[in-house]
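Below is one structure, written out as structure tokens; comments come after it.
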Amino acid sequence: MAPQKHGSIKLALYINYFVFAILLNSVGIVIKQSLNNYGVTETQASILEAFKDLPIAIVSFLVASFLPKFGYKNSMLLGLAMVFCACLYMYFGNSFDSAKVLFATIGVSFALIKVSVYSMIGLFTKTKEEHSSFMSSIEGFFMVGIASAYFLFPAFFQADDPDAWLRVYLLLATLVGLAFLLLLFSRVGVQVPVHEEASLKEDFVGMLRLIALPLVIFFVLSAFLFVMVEQGIMTWLPTFNEKVLSLSSELSVQMASILALSLALGRFVAGQVVKHVSWVVLLTVCLLASMGIVAFVLPQALSYDADPIHSLLDVPAIGFIFPLIGLFISPVYPLISSATLSALPQHMHSAMTGLIVIFSALGGTLGSRIIGMLFEHVGGARAFYFMLIPITLLIIALWMLNRSINIYERTHPVAPVAE
């Protein structure tokens with residue numbers, strides 16, 4: 195394939211990821227609003243994570259092997275159209291049930307988007323280093339979208355109108371519509387490898403067979419544990435800020451943006467550092483640092499007691515320091531995804547991405563559910579301590595994954611990405 199910049203389609207991929215970052219990770223904000231407006235408990239509210247993540251897992255499982263035939267661009271257009279309708283439904287529905295429908299639709303659509311984006315990255319890169327760098331940058335841009343959500347939603351909060359925040363969905367519907375048009379008029383410019391002789395059933399069975407590979411087993415375990423940690427913290431940080439640190443409703447959401455910005459910065463920096471340092475060594479150091487933050491910063495929250503805080507100047511140090519954990523956990527996901535995909539031939543990327551999305555979704559659901567139950571039964575100050583367990587297991591899984599990748603590459607000497 196001749197060298198191409200693929201500028202317009204790459205821009206479309208970034209914009210799609212940005213929009214879905216806002217939608218997907220608004221679940222923590224919507225949970226907080228549901229607790230205040232819809233009269234649900236923490237455990238009941240945590241089900242929204244499942245409505246988002248389980249459709250991601252199910253749809254990824256069913257369609258990953260089919261998408262190369264249907265077309266990655268067509269898949270993304272379908273996902274954007276569905277979410278456009280869901281945003282309008284949330285605005286007019288204004289209920290906890292409407293929120294369930296919204297996140298279920300977002301989940302289905304994001305499965306189409308993510309499998310397509312991850313599969314297309316391999317079409318636009320030629321080396322492992324390019325693959326890791328592009329994936330880290332697009333995941334970093336995803337985190338910029340998340341950070342935007344923490345300012346976008348509070349901009350619509352009004353103390354005298356509990357329903358005012360719903361107007362954000364009219365703006366989001368507009369953004370989705372613009373993303374749809376940008377993608378519609380973008381040219382892919384590369385040929386997607388498809389096994390024409392294989393039936394959909396054979397493609398599906400091929401995806402299932404991937405699970406038997408040791409590198410896939412340890413990748414699945416690593417992704418599951420990481421997303422359990424990331425989503426558990428990200429979803430419940432606004433509630434932690436409000437109920438434990440006594441921040442106002444608006445300030446609690448805005449302070450959570452520090453986590454998203456830290457996640458974004460961590461991924462952008464890691465995308466450059468990994469060119470010079472082994473990914474598994476880099477991630478081990480990062481995860482040990484994240485454990486240090488949990489172990490030494492959270493104890494301050496156990497004895498914290500203050501009047502409601504409405505000013506940024508009055509926010510305690512823990513409100514700024516704890517979200518910095520994002521700097522150290524953020525590189526995990528794009529780097530393990532890139533390392534695994536780069537070890538596999540291009541025609542397996544769609545099926546492998548399906549597995550990535552499936553088990554990431556399951557990990558996110560479980561992590562959010564566990565933290566929600568802990569918030570209700572042991573309190574928010576203690577809930578995040580339990581993250582030390584999956585972080586420890588994750589470090590072990592990463593080294594096993596690295597070993598499995600090295601063995602696979604020695605026994606399957608294939609080009610890492612298509613040209």
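One gets this note's numbering by counting positions in the sequence shown from 1 and adding 194 to each. Backbone N, C-alpha and C fix where the C-beta goes; we use that ideal spot for every residue, glycine too. Keep in mind that this is a model prediction, so the values were computed, not measured.
Let me confirm a value: Ser-472 is counted as buried when at least 16 other C-beta atoms fall within 10 Å, else exposed. Which label applies?
Result: exposed.
Could you check the C-alpha separation between Phe-345 and Leu-415 for me, to the nearest Å?
Using only the alpha carbons, I get a separation of about 33 Å.
Please report the straight-line C-alpha distance between Ser-456 and Phe-264, rounded to a whole angstrom.
Distance between the alpha carbons of Ser-456 and Phe-264: 36 Å.
Within the continuous alpha helix (DSSP H) that includes Gly-265, where are the two ends?
Element bounds for Gly-265: n/a, residue is neither H nor E.
I'd like to check one pair, Ile-523 with Ser-484: are the Cβ atoms closer than 8 Å?
Taking 8 Å as the Cβ cut-off, Ser-484 and Ile-523 qualify as a contacting pair.
Less than 8 Å between the C-beta atoms of Phe-553 and Ala-417, yes or no?
Yes. Within cutoff.
Thinking C-beta only, is Pro-408 closer than 8 Å to Asn-231?
Not closer than 8 Å, so no.
Expressed to the nearest angstrom, what Euclidean distance is found between the alpha-carbon atoms of Phe-214 and Phe-336?
Near 8 Å, if we compare the C-alpha coordinates of Phe-336 and Phe-214.
Jot down the residue ranges of each uninterrupted alpha helix (DSSP H) in the segment 448-503, minimum 4 residues, whole runs only, in chain order.
Fully enclosed alpha helix (DSSP H) runs of 4 or longer: 451-467, 473-491, 493-496.
Helix, strand or coil for Leu-415, going by three-state DSSP, please let me know.
Helix at Leu-415.
Got a sec? Which residues, its chain only, sit under 7 Å from Ser-269 by beta carbon, not counting five neighbours each side?
So the qualifying residues of the chain are Leu-261, Leu-306, Ser-310.
Throw me the rounded Cβ distance for the Gln-227 and Trp-359 pair, which I believe falls under 8 Å.
Between Trp-359 and Gln-227 the Cβ distance is about 6 Å, and since that is below 8 Å, they are a contact.
Taking the CB atoms as reference points, tell me whether Met-449 and Asn-435 lie closer together than 8 Å.
Yes, these two residues count as a Cβ contact at 8 Å.
Tell me which same chain residues have a C-beta within less than 7 Å of the C-beta of Leu-218, skipping the five on either side of it?
Only Lys-246, Ile-300, Phe-304 meet the Cβ criterion.
Is Ser-202 close to chain C, meaning its C-beta is less than 8 Å from at least one C-beta of that chain?
Among the chains in the structure shown there is no chain C, since it carries only a single protein chain.
Can you tell me whether Val-447 is buried or exposed? The criterion is at least 16 other CB atoms within 10 Å of its CB, across all chains shown.
It is buried - the Cβ of Val-447 has at least 16 other Cβ atoms within 10 Å.
Tell me whether the segment 574-583 and the segment 266-284 touch, counting them as touching only if at least three CB pairs, one residue from each stretch, are closer than 8 Å.
No: the two stretches stay apart, fewer than three of their Cβ pairs being nearer than 8 Å.
Between Ile-599 and Ala-555, which are expected to be in contact by the criterion C-beta below 8 Å, what is the C-beta distance as a whole number of angstroms?
Not really, about 23 Å apart at Cβ, beyond 8 Å.
Starting from the Cα of Lys-469, find the closest Cα among Gly-460, Glu-324, Leu-453, Ala-454 and give me that residue.
Closest by alpha carbon: Glu-324.
Classify Gly-486: buried if its beta carbon has 16 or more other beta carbons within 10 angstroms, exposed otherwise.
Per the 10 Å Cβ criterion, exposed.
Within 10 angstroms of the Cβ of Pro-502, are there 16 or more other Cβ atoms? Answer buried if so, exposed if not.
Burial call: exposed.
In this structure, how does DSSP classify Asp-357 when only helix, strand and coil are distinguished?
Note: Asp-357 maps to coil in three-state DSSP.
State the DSSP-derived secondary structure class of Leu-441, mapped to helix, strand or coil.
In the structure shown, Leu-441 sits in a strand (DSSP, three-state: E or B).
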